[in-house]
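A.B. asks: Per my numbering, residue 2 is the first one in the sequence shown, and the count goes up by one each step. My questions all concern the structure below.
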Amino acid sequence: MQSRIARTAEELFVAKGFEETTVDEIAAAVGMSQRSFFRYFASKDEVVLDSLERLGEELAGRLEARPPDESEWDSLRHSFEPIVERLADPAMREHDQALQRIVDESPRLLAAYLGRLDRLQRSLAELLMDRAAAGCGGAPDRLVVRALVGGAFACLHAAMIHAVAEPDDFGTSLDRTMAALRPACIGV
């Protein structure tokens, strides 16, 4: 039910605009009361941000599944594969771009989105810290690992912006950015 509500709300946001769409309209389109809507989401903002939470869980799962002897940089690139897969589908790409425009145009949503994105990066950095500590027995450099994750997300962001301007193979663009910024040695 939660994913049905989210899909319906996202369609309304794209068609009418985020600010113009009410919770009552979302609930009615799904065939439920406003009260029922609030059992699934705290606000309409949460509907938009929920997809980032689910994506974050998927990225973390992918990162945890990577081989322990693989470089952190390569593991991060492989953990981005769900995004590559989504953006390979033209309909999903258009949908995600429309949602990103909604987020970008709302200062409130953008602030919440950036906060969640920062928490996601911190979470992935912690996974890498745990993996590095278990692999080499020493304490990894937290600053370097955090910067590494931030750098990988900068590559992801640049490839996404490029994909909007010049729709080509997103995976190739991501690989190109990550190859250009590949660290020689991360020192963890």
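We put the CB at the ideal spot given by N, CA and C, even for glycine.
Candidates E86, A99 and E82: which alpha carbon is nearest A10's?
C.D. replies: Along the sequence shown, one-based indexing puts residue 10 at 9. The candidate whose alpha carbon is nearest that of A10 is A99.
A.B. asks: Would you kindly check if the distance between the Cβ of A29 and the Cβ of S37 is under 8 angstroms?
C.D. replies: Taking the sequence shown and counting its residues from 1, the one referred to as residue 37 is at position 36. Taking the sequence shown and counting its residues from 1, the one referred to as residue 29 is at position 28. Their beta carbons are not under 8 angstroms apart, which means S37 does not touch A29 by this criterion.
A.B. asks: Going along the chain, which unbroken runs of the alpha helix (DSSP H) with 4 or more residues stay wholly within the segment 53 to 105?
C.D. replies: 73 to 80 and 82 to 89
A.B. asks: How many Å lie between P184 and R120 at the Cα?
C.D. replies: Position 183 of the sequence shown holds residue 184. Position 119 of the sequence shown holds residue 120. If I take the Cα positions, the gap works out to 23 angstroms.
A.B. asks: Counting only the same chain and skipping the five closest in sequence on each side, list residues whose C-beta sits under 6 angstroms from that of L53.
C.D. replies: As a first step, residue 53 is located in the sequence shown; it is residue number 52 there, counting from the start. So the qualifying residues of the chain are R117.
A.B. asks: Determine the extent of the alpha helix (DSSP H) in which M161 is found, giving its start and end residues.
C.D. replies: To locate residue 161, count along the sequence shown from 1; it is residue 160. Where M161 is concerned, the enclosing alpha helix (DSSP H) stretches over R143 to A166.
A.B. asks: Which value, in whole angstroms, describes the spacing of the CA atoms of V146 and M33?
C.D. replies: Locating residue 146 in the sequence shown gives position 145, counting from the first residue. Locating residue 33 in the sequence shown gives position 32, counting from the first residue. One C-alpha to the other measures close to 46 angstroms.
A.B. asks: May I have the straight-line CA-CA distance separating M179 from D25, to the nearest angstrom?
C.D. replies: As a first step, residue 179 must be located in the sequence shown, where it is residue number 178. As a first step, residue 25 must be located in the sequence shown, where it is residue number 24. For M179 and D25, the distance between alpha carbons rounds to 44 angstroms.
A.B. asks: Whose C-alpha, out of R102, V165, L157 and F171, is nearest the C-alpha of A192?
C.D. replies: Examination of residue 192 is not possible in this model, given that the chain is present from 2 through 189 alone.
A.B. asks: Which residues in the same chain have their Cβ closer than 7 angstroms to the Cβ of Y114, if we skip the five residues on either side of it in sequence?
C.D. replies: Within the sequence shown, residue 114 is the residue found at index 113, counting from 1. The beta carbon of Y114 lies closer than 7 angstroms to those of L50, L53 and V104 in the same chain, with the five residues before and after it left out.
A.B. asks: Going by the beta-carbon positions, is the gap between L129 and L157 smaller than 8 angstroms?
C.D. replies: To locate residue 129, count along the sequence shown from 1; it is residue 128. To locate residue 157, count along the sequence shown from 1; it is residue 156. In this structure, L157 does not lie closer than 8 angstroms to L129 by Cβ.
A.B. asks: From this set, R94, L111, L110 and A126, which residue's C-alpha is nearest V165's C-alpha?
C.D. replies: Within the sequence shown, numbered from 1, the residue matching residue 165 stands at position 164. If we check each option's Cα against that of V165, R94 comes out closest.
A.B. asks: I'd like to know whether the C-beta atoms of L149 and L64 end up nearer to each other than 8 angstroms.
C.D. replies: For the purposes of this step, residue 149 is taken as residue 148 along the sequence shown, with counting starting at 1. For the purposes of this step, residue 64 is taken as residue 63 along the sequence shown, with counting starting at 1. No, the pair does not count as a contact, with Cβ atoms beyond the cut-off.
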